[in-house]
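I have placed the structure first, in the form of structure tokens, so that the comments after it can refer back to it.
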Amino acid sequence: MEPKNQYIPYKMRIANIIEEAPLVQTYRLEFVDEKDAAQFSFKAGQFAEYGVFGEGESTFCIASSPTREGYLECTFRSSGRVTKALANCELNDIIGLRGPFGNTFPIEEWYGKNIVFITGGIGLPPLRCLIWNLLDQREKFGDITIYYGARTVNDLVYKEELEEWKNRSDVNLFLTVDPGGETPDWKGLVGFVPTILEQNPPKSENSVAIIAGPPILIKMGMPILGKNGFENNNIYTTLENRMKCGVGKCGHCTVGKTYVCKDGPVFTYDEVLNMPPEY
Amino acid sequence: MEIKNIKSTNIPAFFDQMIKSGKVVIAPVLKKSGKVFFEAVQSYDQVSTDYIQTGFSAKSVVFPKVEELFSFKKDDEGIEITNNLHTIPETVVWGLRPCDASAFNYLTEFFLKENPDTYFTARKEKTTLIAISCAKADNACFCTSVELNPGSTSGSDILLTAMGESVYIELITEKGKAAVETAASLFTPGEEKSKEEFLAKVTSVFSMDEVKVRIKTAYDSAEWKHASMGCFGCGACAFACPTCTCFDIQDEGTQDSGKRLRCWDACGFGLFTKHTSGHNPRTNQTERRRQRLMHKFKYSVENLGIVSCVGCGRCIRNCPAHLNIFENILSVTK
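Right, here's the structure in full:
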């Protein structure tokens, strides 16, 4: 069989639209062609190129869990040419999708361990895939702890799911907003995510931590975990450099010799420390 | 290696025979600007024979400056996607220099080793490279520093070396042998001999072995600042370079019909790495110049085992800020 042409997108139908936060939406996508649906599979950590024909493509993780079959979800903020065009799409419109690309979280290696998630803003979508993937096989893991914050209460995404996680006895959720971002009826924490993490450090014994979000959160969060006894190879992140091709050719996402798209996006803190700080 | 000879006076007949056989022949042509560029020709009369180096390299034959990935059209049935890969013609590149031919080795390794690129594969399969050894060089040429020389056969299907009244022909690949068969009667069998006296003298400016070792720790060199001084990120070096492969993907047309294109890009451009949020991992020209040079001399060695600079000198000739890649490499590996 000839290798697949990696630039020809799958056609996806927008099956549902959820308004998450100002300018942030989640699209549920279903394959137009059943044959594509049958052969497509992905694992937590992978990403895709989402395209509006005539406007271009944009890179986001797959935000839904591979355990939820029959559809994919992506969550994005409308800010550039492509994401604005994407935001203007309507239910049942057809968009393009290329992928899945990149490596994956080594979930099987984490069986029996405590899992800590640290994320902010729209850094939650890449981890939401992983969180549900673990929650859908909850018995295989120890404690699950989530630190999540946004600039304001309104900017928190997946508000219903946050409520669900808050109410689950098998999930510890530290929900925070940046100082000044709280509303009068806000019952969560107030403070930047790294501060909340320092004040409420997770136990490092038999634990792995996964941190995702803006580069500043990754750069500040990883050393805090290190100080709290996490070994560097038990701290994971997912990097999100600018990308065009997704397959290690266009050159945009390189950090030193590393292509975030094909060598990542999932890296351990050890691997990140061995890269130039170009992310 | 199979060797043949041809009389210099028979070169036009060989050349025109390839065109008659239906191949697209890309050759150096002297433009009104006084510079020589590759373009498709109809006869040997149009071909320039007096040039040290062409303005652009021949890489656009396998990696066009702008390439259609596919076109799309929306109708009531949905969206139709088509590409025109099947229309790529058999192509001969004539008169590229051994450095450029060697660049094709790197391009092939880069595009095909992992996640093979459909478009590059289709074009490369249809391309035959007929290189011509260099009898002249200028002070931007530094092929001998990157372990090539004015008569390297690396990457070529055929290498021609003018030796007085006759041309010495090295048939390096099966494709090369097939190309001379279109005009077999013009050639006579030959024997391997030294090309040395017919080649340009290019002095080596650094030892590649030493550079490979010293560049490993060059990331933090204070010399990068000096090596990038004056660079305003025009990207001329990358566009002229025979081994630069970075590209952008852009759509043209409307949401109802149009095409998706990939276009050359350059790591020297400020927008190249800029995130939507405004955060930029490489914030200034010093970091961008370092990326470009470290990629050529360190990262591509680590990833593919190949130094991805062939010493063609185009980036030196074309830089409006007069930056010199081999002087920069020398200074950061001091």
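The listed protein sequences derive, respectively, from chains V and P. Numbering follows the working numbering, in which position 104 of the first sequence is assigned residue number 107; successive positions increment by one, without gaps. Numbering follows the working numbering, in which position 65 of the second sequence is assigned residue number 81; successive positions increment by one, without gaps. Backbone N, C-alpha and C fix where the C-beta goes; we use that ideal spot for every residue, glycine too. As the structure is a prediction and not an experimental result, all values here were calculated from the model.
Item: Determine the chain V residues that contact residue 266 of chain P at a beta-carbon separation under 7 Å, and present them in chain order.; Value: 59
Item: Under the rule that 16 or more other beta-carbon atoms within 10 Å means buried, what is residue 7 of chain V, buried or exposed?; Value: exposed
Item: How long is the line joining the alpha carbons of residue 218 of chain P and residue 341 of chain P, rounded to whole angstroms?; Value: 16 Å
Item: I need the DSSP call for residue 213 of chain P, collapsed to helix, strand or coil.; Value: helix
Item: With a 10 Å radius around its C-beta and 16 neighbouring C-beta atoms as the bar for buried, classify residue 162 of chain P as buried or exposed.; Value: buried
Item: Between P:179, P:245, P:289 and P:171, which has its C-alpha nearest residue 117 of chain P's C-alpha?; Value: P:171
Item: Check residue 4 of chain V in the structure and name its three-state DSSP category.; Value: Confidence is the limiting factor: at residue 4 of chain V the pLDDT is only 48, short of 50, which leaves the residue's position unreliable, though a coordinate-based value still follows. Of the three classes helix, strand and coil, the one that applies to residue 4 of chain V here is coil, per DSSP.
Item: Within a Cβ cutoff of 7 Å, which residues of the same chain sit near residue 125 of chain V, ignoring the five residues on either side of it in sequence?; Value: 27, 78, 80 and 160
Item: Compare the C-alpha of residue 310 of chain P against each of P:330, P:243 and P:31 and name the closest.; Value: P:243
Item: Buried or exposed for residue 277 of chain P, please, with buried defined as at least 16 other CB atoms from any protein chain shown within 10 angstroms of its CB.; Value: buried
Item: Just checking, does the region 102-122 of chain V make contact with the region 143-152 of chain V on the three C-beta pairs under 8 Å criterion?; Value: yes
Item: Please confirm whether residue 171 of chain P has its beta-carbon closer than 7 Å to some beta-carbon of chain V.; Value: no
Item: Mind checking if residue 175 of chain P is an interface residue toward chain V, Cβ cutoff 7 Å exclusive?; Value: no
Item: Roughly how many whole angstroms lie between the Cα atoms of residue 241 of chain P and residue 280 of chain P?; Value: 26 Å
Item: Please confirm whether any heavy atom of the ligand GTP lies closer than 6 Å to the CB of residue 28 of chain P.; Value: As far as ligands go, the structure on display features none, and thus does not contain the ligand GTP.
Item: Is residue 56 of chain V close to chain P? Criterion is C-beta to C-beta, closer than 7 Å.; Value: yes
Item: Comparing alpha-carbon positions, which option in V:69, V:206 and V:133 lies nearest residue 108 of chain V?; Value: V:133
Item: Can you list the residues of chain V that residue 319 of chain P reaches, using a CB-CB cut of under 7 Å?; Value: 260
Item: Using a Cβ-Cβ cut-off of less than 8 Å, list which residues of the region 223-240 of chain P approach chain V; keep chain order.; Value: 235
Item: How about residue 175 of chain V: is its C-beta nearer than 7 Å to some C-beta of chain P?; Value: no
Item: DSSP on residue 182 of chain V, reduced to helix/strand/coil?; Value: coil
Item: Do the region 36-55 of chain V and the region 93-111 of chain V touch if we need at least three Cβ pairs shorter than 8 Å?; Value: yes
Item: Only counting the same chain, and skipping five residues up and downstream in sequence, which positions put a Cβ closer than 8 Å to that of residue 22 of chain P?; Value: 30, 182, 183, 185, 202, 203 and 204
Item: If you count every other CB in all the chains shown that lies within 10 Å of the CB of residue 345 of chain P, and 16 or more means buried, which is it?; Value: buried
Item: Can at least three beta-carbon pairs, one atom from the region 63-73 of chain P and one from the region 47-54 of chain P, be found at a separation below 8 Å?; Value: yes
Item: Alpha carbon to alpha carbon, what distance is there between residue 97 of chain V and residue 331 of chain P?; Value: 44 Å
Item: Could you check if residue 140 of chain V is buried or exposed, using at least 16 other CB atoms within 10 Å of its CB as the buried criterion?; Value: exposed
Item: Give the residues of chain V in contact with residue 291 of chain P, contact being defined as C-beta atoms less than 7 Å apart.; Value: 245
Item: Please compile the residues from chain C whose C-beta is within a distance smaller than 7 Å of the C-beta of residue 85 of chain P.; Value: Of the chains in the structure shown, none is chain C; the protein chains are V and P.
Item: Kindly indicate which residue of P:301, P:155, P:250 and P:297 has the alpha-carbon position closest to the one of residue 327 of chain P.; Value: P:155
Item: Here's a check: name, in chain order, each residue in its chain whose Cβ is nearer than 6 Å to the Cβ of residue 232 of chain P, leaving out the five neighbours to either side.; Value: none
Item: Taking the alpha carbon of residue 95 of chain P as the point to measure from, which residue in P:158, P:86 and P:48 has its own alpha carbon closest?; Value: P:86
Item: Please report whether the beta-carbon of residue 282 of chain V lies at a distance below 7 Å from any beta-carbon of chain P.; Value: yes
Item: Does residue 220 of chain V come out as helix, strand or coil in the three-state DSSP assignment?; Value: helix
Item: Based on DSSP bridge pairs, tell me the residues matched to residue 90 of chain P.; Value: P:95
Item: Is DSSP giving residue 307 of chain P helix, strand or coil here?; Value: helix
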